[in-house]
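Asker: Numbering (this note's numbering), first residue to last: 8 to 112. Positions of the beta carbon are idealized from the N, C-alpha and C atoms, including for glycine. Please see the structure below; I have some questions.
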Amino acid sequence: MNSQFKRGVVELCVMKILSSRAMSTYEILEVISNDLDVNENTIYPILRRLTNDGFLVIEKKNVGVGAPRKYFNITDLGKKKFVELEESWNMFIASVLKIMEGKYE
């Protein structure tokens, strides 16, 4: 899969996952890697960019002994962006399926 395309899909998936609850990077990876071939090298830059763009916020929580763990949560701006991305994705998929089914005439 093209890496640029993959990043876009993973970004959409990350935002969808975080729309249900805050999660650590490990939890996000655990959910996504069940279905997509994704690792930390893909996730970290996406989380950093989404945070820098104001779509995610980081909460640090103490979980047992050691350094606080970072939890990512989607912002209101992120929720709006997710709706836009999801609509674009659905239109894109519908168009691709139409062509793949030979309904392009």
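Do the stretch 25 to 33 and the stretch 67 to 87 meet, that is, are 3 or more Cβ pairs less than 8 Å apart?
Answerer: Result yes; three or more Cβ-Cβ pairs closer than 8 Å.
Asker: Can you check DSSP and say which residues form a bridge with K77?
Answerer: As a working mapping, residue 77 is identified with position 70 in the sequence shown. Bridge partners of K77: K67.
Asker: Any idea what DSSP makes of S95, helix, strand or coil?
Answerer: Translated into positions along the sequence shown, residue 95 becomes position 88. Helix, per DSSP.
Asker: Identify, in the order they occur along the chain, each residue of the same chain with its Cβ nearer than 7 Å to the Cβ of I53, setting aside the five sequence neighbours on each side.
Answerer: Here residue 53 corresponds to residue number 46 of the sequence shown, with the count starting at 1. The residues are R14, V17, E18 and V21.
Asker: Which value, in whole angstroms, describes the spacing of the CA atoms of D60 and V90?
Answerer: Against the sequence shown, residue 60 aligns to sequence position 53. Against the sequence shown, residue 90 aligns to sequence position 83. Taking the straight line from one Cα to the other gives about 16 Å.
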